[in-house]
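Asker: Below you will find the structure I want to go over with you.
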Amino acid sequence: MKDIRQRSRRVVGFASATILIDLAGLGIILPVMPELIFELTGASIGEASAIGGWLLFSYAAMQFLFSPVVGHLSDRLGRRPVLLAAIGGLAVNYALMAIAPSLLWLFVGRLFSGALGATYPVAAASVADVTEPEERVKQFGVLHAMIGLGLILGPLLGGLAAGHGVRAPFWVAACIATATLIAGYLEVARFV
Numbered sequence: 004m005k006d007i008r009q010r011s012r013r014v015v016g017f018a019s020a021t022i023l024i025d026l027a028g029l030g031i032i033l034p035v036m037p038e039l040i041f042e043l044t045g046a047s048i049g050e051a052s053a054i055g056g057w058l059l060f061s062y063a064a065m066q067f068l069f070s071p072v073v074g075h076l077s078d079r080l081g082r083r084p085v086l087l088a089a090i091g092g093l094a095v096n097y098a099l100m101a102i103a104p105s106l107l108w109l110f111v112g113r114l115f116s117g118a119l120g121a122t123y124p125v126a127a128a129s130v131a132d133v134t135e136p137e138e139r140v141k142q143f144g145v146l147h148a149m150i151g152l153g154l155i156l157g158p159l160l161g162g163l164a165a166g167h168g169v170r171a172p173f174w175v176a177a178c179i180a181t182a183t184l185i186a187g188y189l190e191v192a193r194f195v
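Residue numbers for the sequence shown follow the numbering used here, beginning at 4 and rising by one.
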């Protein structure tokens, strides 16, 4: 019984970290997106903000479209490989966006991030798989708390990192995603 609880705690922790990284990664890059767009295109701040809105829209649209796909893949391949692949893909994506030479790269990066960031259904299924029915509401509450925490911490970290350059927040997001990938692989490997 103790091993089951420990497994449940670790899986819920990893699922929660995945959700936190998805949302924090988005928030980390938001403070610098208009400035980066300006740097790449020379657009006015108003035009850069509008382009930033389209970048956010493309991210959200891909999450909407790919949530069922990612959920289906997790049913076929397992929750852990899909979550690890998503986090690894996000790490690579943020690094590529950090060196983006054009606006097209940013759009491709946001589309890619949106598709990979559609991990909430997988994280929720992971929690449902390992928790007892009477504990599920509490654990889903933890997942939702991670959404809020990511939306709080992301812009804070992005704003702090922006003091080191317009591309620094992308590197911060890449490093956090990489650390989560490594920790998730090492910690959860024995239990999932």
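By construction, the Cβ of each residue, glycine as well, lies at the ideal position given by its N, Cα and C atoms.
(1) Give the secondary structure of residue 14 by DSSP, where H, G and I count as helix, E and B as strand, and everything else as coil.
(2) What ranges does the alpha helix (DSSP H) occupy inside the stretch 62–127, keeping only unbroken runs of at least 4 residues that lie completely in it?
(3) Indicate the three-state DSSP secondary structure (helix, strand or coil) for residue 56 in the structure shown.
(4) Can you find the residues in the same chain that come closer than 6 Å, C-beta to C-beta, to residue 76, ignoring five residues on each side of it along the sequence?
(5) For residue 46, collect the residues of the same chain with a Cβ closer than 8 Å to its Cβ; drop the 5 residues on either side in sequence, then sort them by chain order.
(6) Leaving out five residues on either side along the sequence, give the residues of the same chain with a beta carbon under 8 Å from the beta carbon of residue 149.
(7) State the CB to CB distance for the pair residue 161 and residue 30, rounded to an integer number of angstroms; the pair is presumed to be in contact (CB under 8 Å).
(8) Residue 35 and residue 134 - do their beta-carbons sit closer together than 9 Å?
(9) When burial is assigned at 16 or more other CB atoms within 10 Å of the CB, is residue 159 buried or exposed?
(10) Taking residue 33 as the reference, give the member of 17, 180, 51 with the closest Cα.
(11) Could you tell me if residue 72 is buried or exposed, where buried requires 16 or more neighbouring beta carbons within 10 angstroms of its beta carbon?
Answerer: In short:
(1) Three-state DSSP puts residue 14 in a helix.
(2) Within the stretch 62–127, the runs of alpha helix (DSSP H) that reach at least 4 residues and sit entirely inside it are, in chain order, 82–101, 106–119.
(3) In the structure shown, residue 56 sits in a helix (DSSP, three-state: H, G or I).
(4) If we look at residue 76 and ignore the five residues flanking it on each side, its Cβ neighbours are 85.
(5) By the criterion of a C-beta distance shorter than 8 Å, residue 46 is surrounded in its chain by 40, 54, once the five residues flanking it on both sides are discounted.
(6) Answer for residue 149: 19, 20, 22, 23, 26, listed in chain order.
(7) Residue 161 to residue 30, Cβ: 6 Å. Contact.
(8) With contacts defined by Cβ atoms closer than 9 Å, residue 134 and residue 35 do not form a contacting pair.
(9) With fewer than 16 other beta carbons inside 10 angstroms of its own, residue 159 counts as exposed.
(10) If we check each option's Cα against that of residue 33, 51 comes out closest.
(11) Exposed, since its Cβ has fewer than 16 Cβ neighbours within 10 Å.
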